[in-house]
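Novice: Take this structure first; my questions come after.
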Amino acid sequence: MATNPSFQLFSSSNDTPNLSLGFLDSSEPPLSPPPPSIEVLSSEVSSAVKCTVEPVNLDGLALLKGRVSTKEVFGLPNSDLVPGIYEGGLKLWEGSLDLVKALRTEVQNGHLSFEGKKVLELGCGHGLPGIFACLEGAAAVHFQDFNAEVLRCLTIPNVNVNLSEKCQPDPVAETRFFAGDWGEIHQLLPHACESEMNLNSSSEHGQATGYDVILTAETIYSISAQRNLYGLIKKCMSHPHGVVYVAGKKHYFGVGGGTRQFLSMLEKDGVMAASLVTEVADGSSNVREVWKLSYK
Numbered sequence: 001m002a003t004n005p006s007f008q009l010f011s012s013s014n015d016t017p018n019l020s021l022g023f024l025d026s027s028e029p030p031l032s033p034p035p036p037s038i039e040v041l042s043s044e045v046s047s048a049v050k051c052t053v054e055p056v057n058l059d060g061l062a063l064l065k066g067r068v069s070t071k072e073v074f075g076l077p078n079s080d081l082v083p084g085i086y087e088g089g090l091k092l093w094e095g096s097l098d099l100v101k102a103l104r105t106e107v108q109n110g111h112l113s114f115e116g117k118k119v120l121e122l123g124c125g126h127g128l129p130g131i132f133a134c135l136e137g138a139a140a141v142h143f144q145d146f147n148a149e150v151l152r153c154l155t156i157p158n159v160n161v162n163l164s165e166k167c168q169p170d171p172v173a174e175t176r177f178f179a180g181d182w183g184e185i186h187q188l189l190p191h192a193c194e195s196e197m198n199l200n201s202s203s204e205h206g207q208a209t210g211y212d213v214i215l216t217a218e219t220i221y222s223i224s225a226q227r228n229l230y231g232l233i234k235k236c237m238s239h240p241h242g243v244v245y246v247a248g249k250k251h252y253f254g255v256g257g258g259t260r261q262f263l264s265m266l267e268k269d270g271v272m273a274a275s276l277v278t279e280v281a282d283g284s285s286n287v288r289e290v291w292k293l294s295y296k
């Protein structure tokens with residue numbers, strides 16, 4: 001594991017952060033309007049799609065991962081993603097495994113505690129990082145994915161089988177599941193600072209809002225994804241003590257994203273600081289990283 005080298009960020013001279021930055025402007029084609037944001041109930045598990053389960057060993061931590069067919073769920077070939085239609089949630093991405101390992105080490109080193117915390121996993125897919133937070137005593141873990149089908153066919157079954165497998169005597173975390181686009185999903189998330197259900201109560205009663213820990217892996221693959229993700233994080237992250245763990249590749253070839261682009265956006269905005277938690281070099285030319293974000 002890395003020894004937390006810092007990525008030095010500098011305050012912006014502009015009091016109003018501007019996420020439409022010149023170096024982030026993209027010629028990506030416009031997408032169709034996203035489906036409406038919805039909460040998917042844990043009882044809405046799909047019975048039409050077969051989900052098989054197999055073990056995954058993460059440096060001694062045994063979890064289970066589901067496997068379903070992209071063709072069965074979406075009628076698509078086994079593609080990584082189709083922007084605006086299917087965002088890759090049925091695939092178990094390497095960054096998700098990197099993130100669980102990094103979180104486990106952070107807990108063991110005393111740098112992170114999930115006990116009693118409100119946790120949000122964005123772009124969850126299998127939900128392994130969120131499942132780890134459940135097992136570590138989080139009070140609430142909310143899972144978000146672009147596609148409701150991913151939640152019904154994979155995430156909810158995977159959460160259920162992992163939590164039942166552990167047979168914990170302690171109370172299990174509140175788990176809820178939300179589908180929708182990052183530009184709108186904050187209106188539905190119960191603990192988002194700008195959630196419609198929190199805007200009145202937080203101002204009238206002084207209640208603290210926001211998620212204590214936000215987890216996300218392999219979600220910064222394109223420029224537009226980075227911009228939307230960062231905007232959502234700022235609407236959901238508890239102030240001033242919230243933290244975010246982001247796992248991803250240094251560069252995603254062909255789509256322009258990566259940790260370097262993401263960190264440049266943070267530097268320009270000047271609101272958050274970032275420190276490197278771990279770096280994974282598996283012999284390929286593309287290094288994977290996990291970064292921790294916090295308010296300055």
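What the sequence shown shows, in full-length UniProt numbering, is residues 1 to 296, in sequence order.
Glycine residues also receive a C-beta, built at the ideal position from the N, C-alpha and C atoms.
1) Short check: CB of Leu58 to CB of Val100, under 7 Å?
2) So, are the CB atoms of Leu122 and Gln144 less than 7 Å apart?
3) If you compare alpha carbons, which of Ala102, Ser224, Pro83 and Leu293 is closest to Leu263?
4) Do three or more CB pairs link the region 156-166 to the region 81-98 at distances below 8 Å?
5) Taking 8 Å as the threshold, find out whether the region 124-138 comes into contact with the region 35-47 through three or more Cβ pairs.
6) Use the C-beta contact count for Glu106: other C-beta atoms within 10 angstroms, 16 or more gives buried, fewer gives exposed.
7) Here's the rule: buried if 16 or more other CB atoms are within 10 angstroms of the residue's CB, otherwise exposed. What is Asp212?
8) Suppose the cutoff is 6 Å on Cβ atoms and the five residues either side in sequence are ignored; what does the same chain contact list for Glu72 look like?
9) Taking the alpha-carbon of Cys236 as reference, which of Gly130, Ala192 and Ile214 has the nearest alpha-carbon?
10) I'd like the ranges of any beta strand (DSSP E) spanning at least 3 consecutive residues and lying wholly in the region 74-137.
11) Roughly how many whole angstroms lie between the Cα atoms of His205 and Pro55?
12) Counting C-beta neighbours from all protein chains within 10 Å, is the total for Pro36 16 or more, i.e. buried, or is it exposed?
13) Between the alpha carbons of Pro33 and Lys249, how many angstroms are there, rounded?
14) Could you tell me the alpha carbon to alpha carbon distance between Lys296 and Leu189, rounded to whole angstroms?
15) Could you tell me whether the Cβ atoms of Glu289 and Thr259 are closer together than 7 Å?
Specialist: In this structure, then:
1) yes
2) yes
3) Leu293
4) no
5) no
6) buried
7) buried
8) Val49
9) Ala192
10) 118-122
11) Residue placement at His205 is poorly supported in this model, since its pLDDT is 47, which falls under 50; the coordinates are not used for a value here.
12) exposed
13) 28 Å
14) 25 Å
15) yes
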